[in-house]
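Just so we're aligned, residue 55 is where the sequence shown starts under my numbering, counting upward by one.
Think of the CB as a built atom: it goes at the ideal place given N, C-alpha and C, for glycine as much as any other residue.
As the structure is a prediction and not an experimental result, all values here were calculated from the model.
Working notes for the structure below.
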Amino acid sequence: MDAYTDLIQHFREFRLLESIGAVVGWDQHTYMPTKGANHRAEQMGYLAKHGHEKLTSPKIGELLGQLDGAKLDDTQTVNVREIRRTYDRAVKMPSKLVEEIAKTVSQAQNVWAEARKKSDFPAFAPWLDKIVTLKREEAKAVGYKDSPYDALLDEYEPGATAAEITRVFAELRADLIPLVGAIAASGQKPRKDILTREYAIDRQHIFGQAAAAAIGFDFQAGRLDTTVHPFCSGIGPGDCRLTTRYHPRELNQGLFGILHEAGHGIYEQGLDHAHFGTPVGSFCSLGIHESQSRLWENQVGRGRAFWEHFFPRLRQTFPGTLDDVSLDDFIFSANNVEKSFIRVEADEATYNMHIILRFEMEQALMRGDLKPSDVPGAWNETFKRMLDLTPANDAQGCLQDIHWSMGGLGYFPTYTLGNLYAAQFMQQARKDLGDLDADFRVGQFGRLKGWLNEKIHRQGQRQRAGELCKRVTGQALSHKPLIAYLRGKYGPLYGI
Ligand code: ZN
C-alpha cells in the first residue's frame, strides 16, 4: 500500500472511533436511563483513549514524513495538510497535560453548576484560575506566533487570529451600538403575548419537523429528538441526529431551535460522503458550521418571506391560538430586539455584544491582565458599558455559560463569526440566485440549499474559513453584510 492510502486508512479509523463515540454520546443525552451514567462514562472513556492512541500513533508521523515533498493531487494535498495539523497539535500536547485538563474540567463543570445555582462566584474562582493556567500551558505546548489566544482559537477556527477577529469585531461593535440605541429610542415594541401562548408540544414537534424537512433536512438520513441542551450530531454518511427542547408556552425555543439545528444538519448531510473520515469530507470550522445554522434560523427563518408561506400553516397547526394575530404582528414578535442579560436568550443584534464581551475577557485572562477572581467586577463594568445593564447577580452575569468550566476558552468568538459569515454568504447567494424571497414565499428552499451544498458543504476543508469566504463572496470577512442585513430588517419594523 502506498503511504497516502495507508495514512488515510489510519486517520479514517480514528474518525470511525470518534463517530462511534458520537452515537453513544447522542444516546446519553436522549434515551439512556439515568442509572446507566457510570457505565456510559466508562464506555466513552475507553473510546476516547483508543481514539487518542490512534491519532497520535507514531505510524501516522512516519507516513506524514514519507509524504513530505511527495507529488500529490489537490484532494491529497488538502488531506495531508489538515491531517498534519491535527496530528501535530495532538502530539505536541504532553499526555500528562491532556489528562490534567480532562480531570480538571470534569470536576470544574460540577462546581460551576452548583456555583451558578447559588450565584456563588468565589466557589468557582479557584477552578477558573486552574483552567486558565492549564490553557496557558496548552498554548505554550501547541505553540503560536503572536498571541497565546491564537493557539486556543486554532482548535475551533483553524487559521484565525485574535488580531484579525479583534479588528472585525471592533468595526461590528462601532456600528451595532448606534443601531441598538436607535431601536431602543424608537419606542416601538412588538406584542409580547404572541409567542408565549399555550402551544401543545406534540404539535410543536409536528410543525418543527415539517419546517426542517421543507428547508432541506433529510429525515431518511437523520432524526429529531428531545434533550436538555439542544445539539446536532453528524454521525456519518446517512446519519445525522438533531435534538431540541420544547416549552409549552415558548414557541420561540422549540421552533427556532429546530431551524438552527437543522441548519447544522443540512451542512453535515451536504458533506462529500465519499470522503468520510478525511479532511476533504469534514466541516471547515466551527464558525462556518455556525454560519449554516444561523443562516437558516435567522436570515431565512425569521424573515418575512418565510412566514408568508408558514404563518397560515402555523395557524392551522394551532387552531384558534393565533386568530387575533396578523402576519406583521407575528414577524415583529419573532424579531424583538431588547438588551438582556442572558446570551442564549439574546436577539440577533444584541447577541454579538455578549460575544464581544466574552472574547475580550478571555484574552485578558490569557494575557494575565485580568485575574480570575476579578472576573465578576470586570464583567459587570463591561456589561454596563456595552449594554447599559447591571446583572443582579453572577448567575445572571459571568456564571451563566458552561464554556469556561469545560476549558472551552476560544470557543465564543465562533458564534459571532457564524453570524458574520452567514450574512456575507446570504448576501452573495441573493446576488447569484436572484429573487430568493419569491422562492421562500411559496415554500421553496431548494435553490438556496443547492447553492450552499456546492459552494460550502462539499468544499469540506479544502480552504480554511477565511479563504472559503473570499472564494465564495470575492471578499475577505467583513462586518458590513451583517450590519446591512440588520438595518434592512429592523428599519421597517422599528421605523428607524
Ligand atoms: Zn449552533
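Shortest Cα-Cα distance from residue 547 to any of 283, 226, 245 involves 245. Residue list for the ligand ZN: 314, 318, 344, 347 (CB closer than 6 Å to any heavy atom, chain order). Judged by DSSP in its simplified three-state form, residue 213 adopts coil rather than helix or strand. With a 10 Å radius around the Cβ and a threshold of 16 neighbouring Cβ atoms, residue 422 comes out exposed. For residue 550, the three-state secondary structure derived from DSSP is coil. Residue 290 sits in a strand when the DSSP states are folded into three classes.
As the crow flies, the alpha-carbon of residue 433 is around 11 Å from that of residue 441.
Where residue 276 is concerned, there is no enclosing alpha helix (DSSP H), although the beta strand (DSSP E) around it starts and stops at 276–280. About 23 Å separates the beta carbon of residue 342 from that of residue 265, a gap too long to meet the 8 Å contact definition.
Ranked by Cα distance from residue 457, the options 170, 402, 274 are led by 170.
In terms of Cβ geometry, residue 476 and residue 323 do not form a close pair [threshold 8 Å]. Sequence-distant Cβ neighbours of residue 164 in its own chain, meaning closer than 8 Å and more than five residues away, do not exist here. Annotation: the continuous alpha helix (DSSP H) that includes residue 438 extends over 429–441.
A Cβ-Cβ contact shorter than 8 Å links residue 417 with residue 203. Cβ-Cβ distances below 7 Å link residue 363 to 494, 495, 496, 497 in the same chain, with the five nearest sequence neighbours on each side left out; the list follows chain order. For residue 130, the enclosing alpha helix (DSSP H) covers residues 128–146. With 16 or more other Cβ atoms inside 10 Å of its own Cβ, residue 248 counts as buried. Comparing alpha-carbon positions, the option among 105, 148, 372 lying closest to residue 64 turns out to be 105.
In this chain, the alpha helix (DSSP H) harbouring residue 474 covers 467–487. Of the candidates 150, 151, 289, 289 places its Cα closest to the Cα of residue 80.
According to the DSSP assignment, residue 82 belongs to the alpha helix (DSSP H) that extends over 57–84.
Beta-carbon to beta-carbon, residue 118 and residue 134 are separated by about 7 Å, close enough to satisfy the 8 Å threshold.
If you draw a 10 Å sphere on the C-beta of residue 487, you find fewer than 16 other C-beta atoms in it, and that means exposed. Beta-bridge pairing by DSSP links residue 295 to 277, 287.
Residue environment analysis places residue 373 among the exposed positions, since fewer than 16 neighbouring C-beta atoms fall within 10 angstroms of its C-beta. Contact between residue 269 and residue 316 holds, since their C-beta atoms are separated by about 6 Å, short of 8 Å. Take the alpha-carbon of residue 530 and the one of residue 87: they are about 48 Å apart. In the structure shown, residue 402 adopts coil according to DSSP, grouped into three states. For residue 104, the secondary structure class from DSSP, reduced to helix, strand or coil, is helix.
As computed with DSSP, residue 301 is found in a beta bridge with 304. In this structure, DSSP gives residue 447 a state outside helix and strand, which the three-state scheme calls coil. Between the alpha carbons of residue 351 and residue 256 lies a gap of roughly 21 Å. Scanning 66, 200, 302, 150 for the CA closest to the CA of residue 141 turns up 66. Counting along the chain, residue 259 sits inside the alpha helix (DSSP H) bounded by residues 255–269.
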